[in-house]
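S.K.: Just passing along the structure, written as structure tokens.
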């Protein structure tokens, strides 16, 4: 099967390498020319724990030149999805599936505006990835299951494609699972990210410092409660207490870690706030459910984003 991974940074490179190790044909698509050229010439140097290996894959910096894929895996920043897809028309045929493994909420809605529902797959990744340099990435596992894959339409060809992709990832060495109700896993991760990412970015603190403070825990609990209320209205059950326990453990074991959005804000980059706390605000407005804490956090991040140049 031919896969194209659009957005081949750290995580995209890991997913592509895993599929390649599982015996599939893989094309990495990314504008970072030095990274793509190094992989094309020497292979990807991939390190997981004590194991380092080299994985060969095809690469491309101009998606307009790429041929059709059976499954296109989308791992660009969520706000770049439409631009990335529209810039790569050659990747998509009538029988191509597109799979979002992006963080946050609202990614599927973007795809629904561009593809038939029965061609859309979705999933969630529980891995940490780092781009160590051109042609070199490292990763860490932190859960028993690394990846969940499902489909928007729960039967027929889409479900078969999702199950096949999960098997290919497992063949490549990751613990991947086909999960028909994958939406719950996507929402669970989004809730935890929303509790930690934006507050750490606004406060300029690591997760251990923010969540280790009593007021930080209160903010996280309020964010999670609003998330759970909106999710329940959409038929998805989220356990706030479980999320709080997970964050307690995670912020202790990864005490030196700045969440990804905090890193984006540190480097004055655009964030994915509209796909985390901002998404809950949007859904809450549509459903008539108040989300005042998420609304305030979202506003703070947007103000900061538009004033990076004048911050003290």
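Residue numbers (my numbering): 21 to 332.
Glycine included, each C-beta is placed from N, C-alpha and C at the ideal position.
Is the Cβ of residue 121 closer than 8 Å to any Cβ of chain B?
M.R.: Reference to chain B is not applicable here, since this structure consists of a single protein chain.
S.K.: Please state the DSSP three-state secondary structure of residue 122.
M.R.: coil
S.K.: Could you give the C-beta distance for residue 185 and residue 91, rounded to a whole number, given that I count them as a contact under 8 Å?
M.R.: 6 Å
S.K.: Pick from 43, 42 and 58: whose alpha carbon is nearest that of residue 28?
M.R.: 58
S.K.: With DSSP as the reference, label residue 328 as helix, strand or coil.
M.R.: helix
S.K.: Between residue 33 and the rest of its own chain, which residues show a CB-CB distance below 7 Å, the 5 nearest in sequence each way excluded?
M.R.: 48, 64 and 157
S.K.: Flag this pair as yes or no: are the beta carbons of residue 263 and residue 212 separated by less than 8 Å?
M.R.: yes
S.K.: For the alpha helix (DSSP H) containing residue 101, name the first residue and the last one.
M.R.: 101–106
S.K.: Per DSSP, which one or two residues make a beta bridge with residue 266?
M.R.: BP columns for residue 266 are empty, so no partner.
S.K.: In the DSSP assignment, the beta strand (DSSP E) including residue 150 goes from what residue to what residue?
M.R.: 147–153
S.K.: To the nearest angstrom, report how far apart residue 208 and residue 143 are at their CA atoms.
M.R.: 12 Å
S.K.: Return the CA-CA distance between residue 332 and residue 70, expressed in angstroms with no decimal places.
M.R.: 41 Å
S.K.: So what does DSSP say about residue 304, is it helix, strand or coil?
M.R.: helix
S.K.: To which residues of the same chain is residue 194 closer than 7 Å at the C-beta, ignoring the five residues directly before and after it?
M.R.: 38, 166 and 167
S.K.: Please report the distance separating the alpha-carbon of residue 315 from that of residue 140.
M.R.: Looking at the two C-alpha atoms, the distance is approximately 30 Å.
S.K.: Whose C-alpha, out of 132, 153, 45 and 241, is nearest the C-alpha of residue 311?
M.R.: 241
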